[in-house]
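Chains as they are written, first to last, in our numbering: chain A, 1 to 131; chain B, 132 to 335. For every residue, glycine included, the Cβ atom is placed at its ideal position computed from N, Cα and C. Predicted model, so just to flag it, every value in this text is computed and none were measured. See structure below.
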């Protein structure tokens, strides 16, 4: 006959996982806390302006770390991506050009014209002109 | 504890040590160098870390790419005047206790480029050097020898008293002044507090 343990009556099916999770966190946190305490109590702290400065391979840090990129880079990247994919399709098209049937050629031309239309649209929207 | 008593005890199979010895033993076997190569000596330094010479035997295989985690700066190669401020700044950014090995003729004196207009005549003009290695470039065995000399130095340091290492003296500043790259070379040309020109010392 199995006696139930006096502590922590495990009812919920996930309770064991919760207990194990807590144990794992404590197991990791205790050495970290001890190391932090040891450093607080015994390490000879010698802070300085340069020691606390941003590490930049020995050079002095210049400017702000929060560099903002212009949103037009995003549009430019999208337009580039479209024509990047187009180039991938153009290569086999050019290689097999002499052996292609007329419908296949027309299909490819439609594809090209769609993309060229997109480029003209982007151009008219002023995406490619830089402020 | 008396040294004779310790050897007597060890004969009877009793190992006695002090906290200081234990602390220094740990320190000397976990010296992490900074990933920092300046010139051709760096190639020898890299060779030292590889399997054939295996610096890992001394607990120093972990070359840290950030000065925040490094204990040892191996100045391996020619220090140009353009580079010297960066070397000093990196040294300042390393946490105490920190040590410096000047590796090769260039790092200790300027070497074959000593008469050049753009080469620093030894890094000990700006930061305190613990071990100098002669050679052009020194062989990996020489670097290992220097490393063992540094380990001896660390294990001989007392943690209390007047001879305690620099990092335990609260009154000493944590940083060394970084030279500026001026119109006619570095300004100042050396840190007079730590560098004493041997020629002037000889003249009195």
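Tell me, to the nearest whole angstrom, how far the beta carbon of residue i is from that of residue j; I am working on the premise that it is less than 8 Å.
i	j	result
residue 339 of chain B	residue 167 of chain B	Here chain B comprises residues numbered 132 to 335, so residue 339 of chain B is not present and cannot be evaluated.
residue 231 of chain B	residue 265 of chain B	Not a contact, Cβ separation roughly 16 Å.
residue 149 of chain B	residue 173 of chain B	That belief does not hold up - the Cβ atoms of residue 149 of chain B and residue 173 of chain B are roughly 38 Å apart, past 8 Å.
residue 321 of chain B	residue 256 of chain B	4 Å
residue 61 of chain A	residue 54 of chain A	4 Å
residue 210 of chain B	residue 237 of chain B	7 Å
residue 268 of chain B	residue 235 of chain B	5 Å
residue 76 of chain A	residue 19 of chain A	Not confirmed; about 53 Å, so no contact.
residue 176 of chain B	residue 205 of chain B	6 Å
residue 88 of chain A	residue 122 of chain A	Going by Cβ atoms, the distance from residue 88 of chain A to residue 122 of chain A rounds to 20 Å, so no, they are not a contact pair.
residue 306 of chain B	residue 51 of chain A	7 Å
residue 215 of chain B	residue 251 of chain B	5 Å
residue 58 of chain A	residue 217 of chain B	3 Å
residue 159 of chain B	residue 294 of chain B	Contact doesn't hold; Cβ gap of about 17 Å is too wide.
Who are the near neighbours of residue i in its chain, counting only those whose CB is closer than 7 Å to its CB and skipping five residues on each side?
i	result
residue 201 of chain B	163, 164, 165, 195, 225
residue 296 of chain B	228, 288
residue 94 of chain B	Here chain B has residues from 132 to 335 only, and residue 94 of chain B is not among them.
residue 318 of chain B	310, 311
residue 43 of chain A	none
residue 308 of chain B	322
residue 140 of chain B	147
residue 193 of chain B	163
Could you pull out every residue in the same chain whose Cβ sits closer than 8 Å to the Cβ of residue i, ignoring the five residues on either side in sequence?
i	result
residue 101 of chain A	none
residue 261 of chain B	230, 231, 232, 281, 284
residue 275 of chain B	179, 184, 186, 189
residue 213 of chain B	249, 312
residue 203 of chain B	162, 163, 164, 165, 191, 229, 230, 231, 232, 281
residue 303 of chain B	297
Sort out for me which residues DSSP pairs residue i with in a bridge.
i	result
residue 233 of chain B	B/206, B/263
residue 211 of chain B	B/250
residue 317 of chain B	B/312
residue 270 of chain B	In DSSP, residue 270 of chain B forms no bridge with anything.
residue 195 of chain B	B/165
In chain order, what residues of the same chain lie with their CB nearer than 6 Å to the CB of residue i, ignoring the 5 residues before and after it?
i	result
residue 161 of chain B	190
residue 290 of chain B	151
residue 93 of chain A	108
residue 273 of chain B	264, 266
residue 137 of chain B	147
residue 157 of chain B	none
residue 29 of chain A	none
residue 316 of chain B	212
Indicate whether at least one CB of chain D lies closer than 8 Å to the CB of residue i.
i	result
residue 299 of chain B	Reference to chain D is not applicable here, since the protein chains of this structure are A and B.
In the stretch 39 to 50 of chain A, which residues sit with their C-beta less than 8 Å from some C-beta in chain B, listed in chain order? 44, 46, 47, 48, 49, 50
Selection of the stretch 173 to 206 of chain B by Cβ proximity to chain A, strictly under 7 Å: Within the stretch 173 to 206 of chain B, the residues whose Cβ lies closer than 7 Å to some Cβ of chain A are 197, 198, 199, listed in chain order.
Taking 8 Å as the threshold, find out whether the stretch 152 to 162 of chain B comes into contact with the stretch 233 to 250 of chain B through three or more Cβ pairs. Taking 8 Å as the limit for Cβ pairs, the verdict is that the stretch 233 to 250 of chain B does not touch the stretch 152 to 162 of chain B.
Residues of the stretch 55 to 68 of chain A with Cβ closer than 7 Å to any Cβ of chain B, in chain order: 55, 58, 59
Using a Cβ cut-off of 7 Å, which residues of the stretch 222 to 253 of chain B contact any Cβ in chain A, in chain order? 223, 224, 227
Taking beta-carbon pairs under 8 Å, can you tell me which members of the stretch 304 to 318 of chain B lie near chain A? 304, 305, 306, 309
Would the stretch 105 to 117 of chain A count as touching the stretch 80 to 94 of chain A if we require 3 or more Cβ pairs under 8 Å? A contact is defined here as three or more CB-CB pairs under 8 Å, and the stretch 105 to 117 of chain A meets this definition with respect to the stretch 80 to 94 of chain A.
Closer than 9 Å, Cβ to Cβ, to anything on chain A: give me those residues from the stretch 267 to 278 of chain B, in chain order. none
Going along the stretch 205 to 220 of chain B in order, which residues come within less than 9 Å of chain A, judged by CB to CB distance? 214, 216, 217, 218, 219, 220
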